[in-house]
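Taking it in order: structure first as structure tokens, then the write-up.
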Amino acid sequence: MRPHVDQRQAQVLALVGTRGSVRVADLARELGVSPVTLRRDIEAMAARGEIHRMHGVISRVEAGRPGAPTAGATGAAAGAGTGAAAAAAPAESRAGAEGLVVGMVVPTTEYYYADVVRGAREVVEAWGARLTVGLTRYLPGEDRTQADRLLSTGADGLLLTPNWEAGSPGPGEGAWTAELPVPTVLVERWAPPGHPAAALDRVASDHAHGAAAAVQHLMERGHRRIALAGRATPTTPRLRAGYEAAVAALGLEPAPPWPAAGPGPFSDADLFARTLDYLCEAVTAGGVSAALIHSDTDAIMLIPRLQARGVRVPEDLAVITYDDEVAGLADVPLSAVAPAKREVGARAAGLLLERLTAPGGGQGAGDGPRQHLELLPRLTIRS
Numbered sequence: 011m012r013p014h015v016d017q018r019q020a021q022v023l024a025l026v027g028t029r030g031s032v033r034v035a036d037l038a039r040e041l042g043v044s045p046v047t048l049r050r051d052i053e054a055m056a057a058r059g060e061i062h063r064m065h066g067v068i069s070r071v072e073a074g075r076p077g078a079p080t081a082g083a084t085g086a087a088a089g090a091g092t093g094a095a096a097a098a099a100p101a102e103s104r105a106g107a108e109g110l111v112v113g114m115v116v117p118t119t120e121y122y123y124a125d126v127v128r129g130a131r132e133v134v135e136a137w138g139a140r141l142t143v144g145l146t147r148y149l150p151g152e153d154r155t156q157a158d159r160l161l162s163t164g165a166d167g168l169l170l171t172p173n174w175e176a177g178s179p180g181p182g183e184g185a186w187t188a189e190l191p192v193p194t195v196l197v198e199r200w201a202p203p204g205h206p207a208a209a210l211d212r213v214a215s216d217h218a219h220g221a222a223a224a225v226q227h228l229m230e231r232g233h234r235r236i237a238l239a240g241r242a243t244p245t246t247p248r249l250r251a252g253y254e255a256a257v258a259a260l261g262l263e264p265a266p267p268w269p270a271a272g273p274g275p276f277s278d279a280d281l282f283a284r285t286l287d288y289l290c291e292a293v294t295a296g297g298v299s300a301a302l303i304h305s306d307t308d309a310i311m312l313i314p315r316l317q318a319r320g321v322r323v324p325e326d327l328a329v330i331t332y333d334d335e336v337a338g339l340a341d342v343p344l345s346a347v348a349p350a351k352r353e354v355g356a357r358a359a360g361l362l363l364e365r366l367t368a369p370g371g372g373q374g375a376g377d378g379p380r381q382h383l384e385l386l387p388r389l390t391i392r393s
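So the number in this note's numbering is just where the residue sits in the sequence shown, counting from 1, plus 10.
In structure tokens form, the structure reads like this:
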């Protein structure tokens with residue numbers, strides 16, 4: 011063991027002996043070391059029976075009190091958790107995750123991200139770790155504020171969904187995500203080659219594939235001119251890329267282009283009205299007979315307004331929605347493309363925990379290659 015490791019562990023033992031117990035996050039700040047480095051020291055000391063550890067707190071071993079449980083016993087306890095991702099993790103990895111804190115920064119815990127957070131939470135808890143969440147509400151700069159806050163309260167790693175309007179950072183945007191001091195996994199976000207964040211692990215839905223699958227299904231039903239409609243979100247650029255690629259690959263006729271936008275800013279009502287006007291014109295004058303609409307809520311609101319303006323659904327316009335949050339609850343259930351939101355959260359959490367529990371865990375090059383994982387959405391056809 012290197013001398014500085016011996017010295018650091020001696021400091022830990024002395025402080026725990028004096029105070030009785032101490033939070034790991036507080037101890038890391040006091041000693042000026044990263045939480046990941048301190049976790050490795052604690053694991054070694056606990057295995058030797060020098061300290062007792064439990065849920066982010068370490069304490070001295072009292073006379074007659076047994077030391078920390080063995081790795082095998084801890085792994086068995088963690089293995090009792092639910093979830094396929096947790097069951098697939100090696101027992102020694104799950105044992106090493108006990109007491110770890112995973113911070114997760116998301117725009118919201120409602121609608122799309124409710125399932126993403128749920129999937130992450132199931133895996134984190136099954137590993138014996140704890141999930142803490144920071145919300146940004148898409149406010150500019152809030153993602154970095156929330157990440158810093160979670161780190162200051164002891165997060166050992168981060169699941170991060172930055173507020174990038176196009177789903178990926180613009181020029182000069184988001185470089186800070188690659189400079190974080192703990193392992194970080196991007197969730198439902200992408201960074202282009204050459205951007206500092208492109209070297210981060212990431213797990214995302216392949217929205218381009220989902221859009222292409224919808225176009226192919228509509229083509230197989232006889233539609234030759236298919237539109238993509240909806241308000242701009244971080245998902246939109248990937249949807250448009252898949253949509254345009256499928257239209258070209260299948261030899262379909264292009265839909266009318268969106269009309270040029272006037273001076274903004276636009277309210278939600280303005281954007282909704284623009285989508286309605288576009289679809290009406292595309293059907294009545296542009297030869298469009300089918301559309302992929304993002305998202306479900308917009309589609310459910312658009313359909314009665316389209317019908318009020320003489321566009322019958324599905325007779326004049328066949329509709330597939332994107333997201334599949336509430337498409338099945340429409341008065342006439344809608345076919346929809348469903349991203350694997352819960353699995354995205356689960357895979358991202360599992361990947362982060364593997365990083366945190368690997369020997370020499372961290373962002374270093376010795377931890378194995380970074381991973382860019384894309385999960386394919388599923389097309390659900392409803393009659």
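Ideal placement from N, C-alpha and C gives every residue a C-beta, glycine not left out.
Rounded to the nearest whole angstrom, the C-alpha separation of ALA270 and GLY240 is 15 Å. The segment 279–295 makes no contact with the segment 334–348, as fewer than three CB pairs between them are under 8 Å. The secondary-structure analysis by DSSP pairs ASP211 across a beta bridge with VAL195. Annotation for ALA209: ALA188, ARG380 place their beta carbon closer than 7 Å to its own, counting only its chain and skipping 5 residues before and after.
Restricting attention to beta strand (DSSP E) runs no shorter than 3 residues, the segment 284–363 encloses them at 300–304, 328–332, 345–348, ordered along the chain. Straight-line measurement puts the Cα of ALA57 at about 17 Å from the Cα of VAL46. With a beta-carbon spacing of about 10 Å, LEU161 and THR194 fall beyond the 8 Å limit used to define contacts.
Looking at the backbone, the Cα of TRP137 and that of ALA358 are separated by about 13 Å.
Inter-residue distance for MET229 and ARG322 is about 19 Å (C-alpha atoms, whole angstroms). Sixteen is the threshold: since fewer than 16 other Cβ atoms of the shown chains lie within 10 Å of the Cβ of HIS14, the residue is exposed. By the Cβ neighbour-count rule, THR171 is buried, with 16 or more other Cβ atoms within 10 Å of its own.
Note that the C-beta distance between GLU198 and ALA218 is not below 8 Å. Between GLU263 and ARG235 the beta-carbon gap is near 5 Å, inside 8 Å, which marks them as a contact. Between GLU353 and GLY129, the gap from beta carbon to beta carbon is short of 8 Å. Within the segment 12–52, the alpha helix (DSSP H) runs of at least 4 residues that lie entirely inside it are, in chain order, 13–29, 34–41. For THR246, the secondary structure class from DSSP, reduced to helix, strand or coil, is helix.
Judged by DSSP in its simplified three-state form, GLY180 adopts coil rather than helix or strand. Counting other Cβ atoms within 10 Å of its Cβ, SER393 stays below 16 and is therefore classed as exposed. One Cα belongs to VAL298, the other to LEU327, and the distance between them is close to 7 Å.
Contact between HIS382 and ARG212 holds: their C-beta atoms lie close to 5 Å from each other, under 8 Å. PHE276 and PRO314 have their C-alpha atoms some 23 Å from each other. Secondary structure note for GLY204: it is in no beta strand (DSSP E), with a DSSP letter that is neither H nor E. A distance below 8 Å separates the beta carbons of LEU389 and VAL347.
Counting along the chain, no beta strand (DSSP E) covers HIS227; the unbroken alpha helix (DSSP H) around it starts and ends at 217–230. Nearest neighbour of PRO181 by Cα position, chosen from ALA157, THR163, PRO206, ALA251, turns out to be PRO206. Collapsing the DSSP output to three states places LEU190 in coil.
Nearest to PRO244 by alpha-carbon distance, out of ALA309, ARG39, VAL116, PRO266, is VAL116. Rounded to whole angstroms, the gap between the alpha carbons of TRP174 and ALA185 is 12 Å.
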